[in-house]
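S.K.: For reference, the structure I am asking about is given below.
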Amino acid sequence: MDVAIERELVSRLRGGDASAFDEIYAWMRPRVFSFLARMTGRRDVADDLAQEVWLRLARTGPRLAPDTRMAAWLFTVARNLYISHWRAHRVSAALAGDLLPVPPTPPSPFEAASQTQTSARLERAINALPEAYREILLLCAVEGLTPKEAAVVLDLSGEAARQRLARARTMIDRALADVTGYPGGAP
Amino acid sequence: MRDDDLDQLLRSNLAAHDVPATRVVEVREAAHRELRASARGLRRGWRAFEATASLAVAAAQLVWVITVLFGR
Numbered sequence: 001m002d003v004a005i006e007r008e009l010v011s012r013l014r015g016g017d018a019s020a021f022d023e024i025y026a027w028m029r030p031r032v033f034s035f036l037a038r039m040t041g042r043r044d045v046a047d048d049l050a051q052e053v054w055l056r057l058a059r060t061g062p063r064l065a066p067d068t069r070m071a072a073w074l075f076t077v078a079r080n081l082y083i084s085h086w087r088a089h090r091v092s093a094a095l096a097g098d099l100l101p102v103p104p105t106p107p108s109p110f111e112a113a114s115q116t117q118t119s120a121r122l123e124r125a126i127n128a129l130p131e132a133y134r135e136i137l138l139l140c141a142v143e144g145l146t147p148k149e150a151a152v153v154l155d156l157s158g159e160a161a162r163q164r165l166a167r168a169r170t171m172i173d174r175a176l177a178d179v180t181g182y183p184g185g186a187p
Numbered sequence: 001m002r003d004d005d006l007d008q009l010l011r012s013n014l015a016a017h018d019v020p021a022t023r024v025v026e027v028r029e030a031a032h033r034e035l036r037a038s039a040r041g042l043r044r045g046w047r048a049f050e051a052t053a054s055l056a057v058a059a060a061q062l063v064w065v066i067t068v069l070f071g072r
């Protein structure tokens, strides 16, 4: 989205304009939800976390800085919520200890819902990436954030973000090559 | 694979997912309520600040007048 239009939306949101919220919601809703869904691997959890992202935007809207970049702000909140959820989930799993049997890992709903073999393969390859690489790849390669914007979201230096992105691209390229048998991973 | 090609491959093959339409309406309505409450709270806070500032100015003026009249 054009920076001037984004500033105007933020300005209206700061004034409590509900239609500005609606425009941001329509523009960013699938992107935030897809990011969370691919990070959590679960539609229901992604739905809950995404709802909280939007309620936080509504609560914070009137106090946003005039130069707030919406995509970076929303992905930062989404990622922080995901981390909190993951920590809570890890603690509860640790507390449950040996009482619960480890279930086999089913294909994520996004793998199952993938229309083509290529997209299913890509979903699997992304799902198999370590979290730190998955998130930067989703933010930059899929959602179109620049490495500088992703660095803000991930609380990294610009250089660290660029290096991590390069490693993530190498890993996904290699994973696709392993699956397809083609050097370079062309599907 | 080049970076641009890889990004293009990912963008064209990974579909954006979305929440159900009923959920969209629910979230939007809840967010509107939160936004109205937040904007109202901020306006109320600003009015309280203005009122406090006006009182402080009036008190300062009063002190000045008293000092001028009875200060010597």
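Residue numbers (this note's numbering), protein chains in the order written: chain E, 1 to 187; chain P, 1 to 72.
Heads up, the beta-carbon is just placed ideally off N, CA and C, and yes, glycines get one too.
Just so we're clear, the structure is a prediction, and the values are computed from it rather than from any experiment.
Flag this pair as touching only if the segment 2-14 of chain E and the segment 40-53 of chain E have three or more C-beta atom pairs under 8 Å; answer yes or no.
M.R.: Contact fails: fewer than three Cβ-Cβ distances are below 8 Å.
S.K.: Put residue 205 (chain E) into one of helix, strand or coil per three-state DSSP.
M.R.: As shown, chain E starts at 1 and ends at 187. That puts residue 205 (chain E) outside it, with no answer to give.
S.K.: Assuming contact is defined by CB atoms lying nearer than 8 Å, are residue 49 (chain E) and residue 78 (chain E) in contact in what I supplied?
M.R.: On the first sequence, residue 49 (chain E) is found 49 positions in, with the first residue counted as 1. On the first sequence, residue 78 (chain E) is found 78 positions in, with the first residue counted as 1. Yes. Within cutoff.
S.K.: Anything in the segment 31-44 of chain P with a Cβ closer than 7 Å to a Cβ of chain E? List those residues in chain order, please.
M.R.: Answer set for the segment 31-44 of chain P: 31, 32, 34, 35, 36, 38, 39 and 42.
S.K.: Please list the residues of the segment 116-131 of chain E that have a C-beta atom closer than 8 Å to any C-beta atom in chain P, keeping them in chain order.
M.R.: So the close ones are 116, 118, 119, 122, 123 and 126.
S.K.: Contact between the segment 52-70 of chain E and the segment 5-24 of chain E is defined here as three or more beta-carbon pairs at a separation below 8 Å; is this criterion met?
M.R.: In short, these stretches touch, since the Cβ pair count reaches three.
S.K.: Would residue 172 (chain E) count as contacting chain P if we go by Cβ distances under 8 Å?
M.R.: Counted from its first residue, the first sequence places residue 172 (chain E) at position 172. Yes, residue 172 (chain E) counts as interfacial toward chain P.
S.K.: Given this structure, state the Cα-to-Cα distance separating residue 55 (chain P) from residue 41 (chain P), to the nearest angstrom.
M.R.: Locating residue 55 (chain P) in the second sequence gives position 55, where the first residue counts as 1. Locating residue 41 (chain P) in the second sequence gives position 41, where the first residue counts as 1. Taking the straight line joining both Cα atoms gives about 21 Å.
S.K.: For the segment 13-24 of chain E against the segment 6-14 of chain P, are there 3 or more C-beta pairs whose distance is under 8 Å?
M.R.: Counting Cβ pairs under 8 Å, fewer than three are found: no touch.
S.K.: Using DSSP with H/G/I as helix, E/B as strand and the rest coil, what is residue 41 (chain E)?
M.R.: Here residue 41 (chain E) refers to the residue found at position 41 when the first sequence is read from its first residue. If DSSP states are grouped into helix, strand and coil, residue 41 (chain E) belongs with coil.
S.K.: Under 8 Å Cβ to Cβ from residue 37 (chain P), same chain only, skipping five residues before and after it: list those, please.
M.R.: Translated into positions along the second sequence, residue 37 (chain P) becomes position 37. The answer is none, since no qualifying residue turns up.
S.K.: What three-state label does DSSP hand residue 147 (chain E) in the structure shown?
M.R.: The residue given as residue 147 (chain E) occupies position 147 in the first sequence. Of the three classes helix, strand and coil, the one that applies to residue 147 (chain E) here is helix, per DSSP.
S.K.: Of all the alpha helix (DSSP H) runs that stay within the bounds of the segment 118-168 of chain E, which reach a length of 4 or more residues?
M.R.: Runs found: 131-137 and 147-154.
S.K.: Look at the Cβ atom of residue 30 (chain E), then the Cβ atom of residue 16 (chain P), and state whether they are nearer than 8 Å.
M.R.: Numbered from its first residue, the first sequence carries residue 30 (chain E) at position 30. Numbered from its first residue, the second sequence carries residue 16 (chain P) at position 16. A contact, by the Cβ cut-off of 8 Å.
S.K.: So does the segment 165-177 of chain E actually touch the segment 78-92 of chain E, counting three or more Cβ pairs closer than 8 Å?
M.R.: At 8 Å Cβ cutoff, the stretches do not touch.
S.K.: Nearest chain E C-beta to residue 28 (chain P) closer than 8 Å, yes or no?
M.R.: Taking the second sequence and counting its residues from 1, the one referred to as residue 28 (chain P) is at position 28. Closer than 8 Å: yes.
S.K.: Alpha carbon to alpha carbon, how far is residue 55 (chain E) from residue 144 (chain E)?
M.R.: Within the first sequence, the letter at position 55 stands for residue 55 (chain E). Within the first sequence, the letter at position 144 stands for residue 144 (chain E). Cα-Cα distance, rounded: 24 Å.
S.K.: Is residue 81 (chain E) near residue 32 (chain E), with beta carbons less than 8 Å apart?
M.R.: Along the first sequence, read from residue 1 onward, the residue named residue 81 (chain E) stands at position 81. Along the first sequence, read from residue 1 onward, the residue named residue 32 (chain E) stands at position 32. No.
S.K.: For chain E, check one thing: does any of its Cβ atoms lie closer than 8 Å to the Cβ of residue 23 (chain P)?
M.R.: As a working mapping, residue 23 (chain P) is identified with position 23 in the second sequence. So, interface residue.
S.K.: Could you check whether the Cβ of residue 16 (chain P) sits closer than 8 Å to any Cβ belonging to chain B?
M.R.: The structure shown contains no chain B; its protein chains are E and P.
S.K.: Is it right to say residue 147 (chain E) is buried, meaning 16 or more other beta carbons lie within 10 angstroms of its own, or is it exposed?
M.R.: To locate residue 147 (chain E), count along the first sequence from 1; it is residue 147. So residue 147 (chain E) counts as buried.
S.K.: With distances taken from CA atoms, which of E:129, E:149 and E:151 is nearest residue 40 (chain E)?
M.R.: Stepping through the first sequence from its first residue, residue 40 (chain E) is reached at position 40. Of E:129, E:149 and E:151, the residue nearest in Cα terms is E:129.
S.K.: By alpha-carbon positions, which one of E:152, E:59 and E:134 ends up nearest to residue 21 (chain E)?
M.R.: Taking the first residue of the first sequence as position 1, residue 21 (chain E) is located at position 21. Ranking E:152, E:59 and E:134 by Cα distance to residue 21 (chain E) puts E:59 first.
S.K.: Please confirm if residue 54 (chain E) has its CB atom under 8 Å from at least one CB of chain P.
M.R.: Sequence index remark: in the first sequence, residue 54 (chain E) carries index 54 (1-based). Closer than 8 Å to some Cβ of chain P, the Cβ of residue 54 (chain E) qualifies, so yes.
S.K.: So that I know if they touch, is there some Cβ in chain P lying closer than 8 Å to that of residue 2 (chain E)?
M.R.: As a first step, residue 2 (chain E) is located in the first sequence; it is residue number 2 there, counting from the start. It does not: the Cβ of residue 2 (chain E) has no partner Cβ on chain P nearer than 8 Å.
S.K.: Could you tell me how far apart the beta carbons of residue 138 (chain E) and residue 38 (chain E) are, in whole angstroms, since I believe they sit closer than 8 Å?
M.R.: Position 138 of the first sequence holds residue 138 (chain E). Position 38 of the first sequence holds residue 38 (chain E). Residue 138 (chain E) to residue 38 (chain E), Cβ: 6 Å. Contact.
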